[in-house]
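Taken in order, these protein sequences are the chains called A and B.
Residue numbers for the first sequence follow the working numbering, beginning at 2 and rising by one.
Residue numbers for the second sequence follow the working numbering, beginning at 4 and rising by one.
Here the structure comes first, spelled out in structure tokens, and everything after it is commentary.
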Amino acid sequence: CSRLHTKPSISPTILLSNMYQRPDSITPGVDAQGNPIDPRKIQEHFEDFYEDLFEELNKYGEIESLNICDNLADHMVGNVYVQFREEEQAANALKNLTGRFYAGRPIIVDFSPVTDFREATCR
Amino acid sequence: RSPSKSKRISGFDMAPPTSALLSGATDVAGQVPGTTNPSIPGMFSNMF
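The following block contains the structure:
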């Protein structure tokens, strides 16, 4: 998408860019060695990631909603949206996650303007 | 999921291998030596 998304200076929602990587991110249903992956393994991988993330984020505030983009397109791949109950909690999470690593990759964290995920479709 | 399954290693604070080498660390927390597959970045080594 070519839209210029504004990053608010404060928001109850934070965005963790490209954080989730599917095991079959190169070719759907196939791993990096070209072997087929059981769909249950992919689901399990996703659930482990969700749980890992939830446990960490839960330290910084009350999580209202945790959305992980499990897509294979070139837009918003693996983006994680975390909506906290209060803006201060989101700010606390942002402060504590900035500069850290997740699974060998840096965590890219920003505030996100999204507060209603049903209305958040990028058109 | 079955509750008996042992909890997997958290990916948080898992530094990239290069910086681990630069800092001279021999054991990176959360990484299992010898089982990590460098061709799949970001994937848990104990998954499959």
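We put the CB at the ideal spot given by N, CA and C, even for glycine.
Please determine whether the Cβ atom of S13 of chain B lies at a distance below 7 Å from any heavy atom of the ligand COA.
Although the ligand COA was asked about, the structure shown includes no ligands whatsoever.
Three or more beta-carbon pairs under 8 Å between the segment 106-120 of chain A and the segment 9-21 of chain A, yes or no?
Short answer: they touch.
Taking F102 of chain A as the query, report the chain B residues whose CB atoms sit under 7 Å from its CB, ordered along the chain.
Mapped onto the first sequence, residue 102 of chain A falls at position 101. Those are D16, M17, A18 and P19, listed as they occur along chain B.
Okay, do the segment 52-65 of chain A and the segment 28-41 of chain A touch, 3+ Cβ pairs below 8 Å being the bar?
Counting Cβ pairs under 8 Å, fewer than three are found: no touch.
Would DSSP call I69 of chain A helix, strand or coil?
Numbered from 1 along the first sequence, position 68 holds the residue referred to as residue 69 of chain A. DSSP, reduced to helix, strand and coil, places I69 of chain A within a strand of the structure shown.
Proximity below 8 Å, CB of T116 of chain A to CB of P13 of chain A
Translated into positions along the first sequence, residue 116 of chain A becomes position 115. Translated into positions along the first sequence, residue 13 of chain A becomes position 12. Contact: yes.
Helix, strand or coil: how does DSSP classify A51 of chain A here?
Here residue 51 of chain A corresponds to residue number 50 of the first sequence, with the count starting at 1. Here the sequence assigns Tyr to residue 51 of chain A, which means Ala is not the residue at that position. Helix at Y51 of chain A.
Starting from Q90 of chain A, trace the beta strand (DSSP E) both ways and give me its first and last residue.
By one-based count along the first sequence, residue 90 of chain A stands at place 89. Run containing Q90 of chain A: none in the beta strand (DSSP E); it sits in the alpha helix (DSSP H), E88 to L98.
Across the segment 60-79 of chain A and the segment 90-104 of chain A, are there enough close Cβ pairs to call them in contact, namely three or more that are closer than 8 Å?
Three or more Cβ pairs drawn from the segment 60-79 of chain A and the segment 90-104 of chain A lie within less than 8 Å of each other, which places the two stretches in contact.
For Q44 of chain A, the three-state DSSP class (helix, strand or coil)
In the first sequence, counting from the first residue as 1, residue 44 of chain A sits at position 43. If DSSP states are grouped into helix, strand and coil, Q44 of chain A belongs with the helices.
Taking just the CA atoms, how far does P114 of chain A sit from V31 of chain A?
As a first step, residue 31 of chain A is located in the first sequence; it is residue number 30 there, counting from the start. As a first step, residue 114 of chain A is located in the first sequence; it is residue number 113 there, counting from the start. C-alpha separation (whole angstroms): 35 Å.
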